[in-house]
Amino acid sequence: MSTTPNSTERTERCTDCGRDTVHRVRVELREEGKNPDTAAFSREPYRISICSLCGVENALRMNNA
Ligand SMILES: [Zn+2]
Numbered sequence: 001m002s003t004t005p006n007s008t009e010r011t012e013r014c015t016d017c018g019r020d021t022v023h024r025v026r027v028e029l030r031e032e033g034k035n036p037d038t039a040a041f042s043r044e045p046y047r048i049s050i051c052s053l054c055g056v057e058n059a060l061r062m063n064n065a
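Residue numbering for the sequence shown follows UniProt numbering, starting at 1 and increasing by one per position.
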């Protein structure tokens with residue numbers, strides 16, 4: 001049994017499978033931009049969902065207001 005605290009399973013639409021499948025969902029900070037001087041200031045939270053059927057990963061930026 002995995003004990004990854006920030007990961008949860010949800011049934012969502014998978015665009016690859018074309019139907020609702022179980023996804024493993026977690027939130028991850030990802031660095032944006034290629035400049036190492038500003039990388040520390042450009043970490044954005046992403047919602048990562050991975051389809052358990054086909055393995056495709058979808059990253060959705062959370063604060064894209
Ligand atoms: Zn899929």
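In this text, a Cβ means the ideal position worked out from N, Cα and C, and glycines have one as well.
Residue i versus residue j: straight-line alpha-carbon distance, rounded
i, j, result
"isoleucine 48", "asparagine 35", "23 Å"
"glycine 33", "arginine 24", "26 Å"
"valine 53", "threonine 8", "The identity of residue 53 in the sequence shown is leucine, whereas the question assumes valine. Leucine 53 and threonine 8: Cα-Cα distance of roughly 15 Å."
"glutamate 57", "threonine 11", "14 Å"
"isoleucine 50", "valine 27", "12 Å"
"threonine 15", "asparagine 63", "22 Å"
Same chain, Cβ closer than 6 Å to residue i, five either side skipped, listed in chain order
i, result
"valine 13", "The question names valine, but residue 13 in the sequence shown is arginine. Closer than 6 Å at Cβ, skipping near neighbours: Asp20."
"alanine 59", "Tyr46 and Ile48"
Test: residue i CB closer than 8 Å to a CB of chain B
i, result
"threonine 15", "Looking for chain B here will not work: only one protein chain is present."
Rounded Cβ spacing between residue i and residue j (contact assumed at less than 8 Å)
i, j, result
"glutamate 61", "arginine 43", "The displayed chain sequence assigns arginine, not glutamate, to residue 61. Not really, about 11 Å apart at Cβ, beyond 8 Å."
- Query: Using the beta carbon as the reference atom, which residues fall closer than 7 Å to any heavy atom of ligand 1, ordered along the chain?
  - Reply: That gives Cys14, Asp16, Cys17, Thr21, Cys51, Leu53, Cys54 and Val56.
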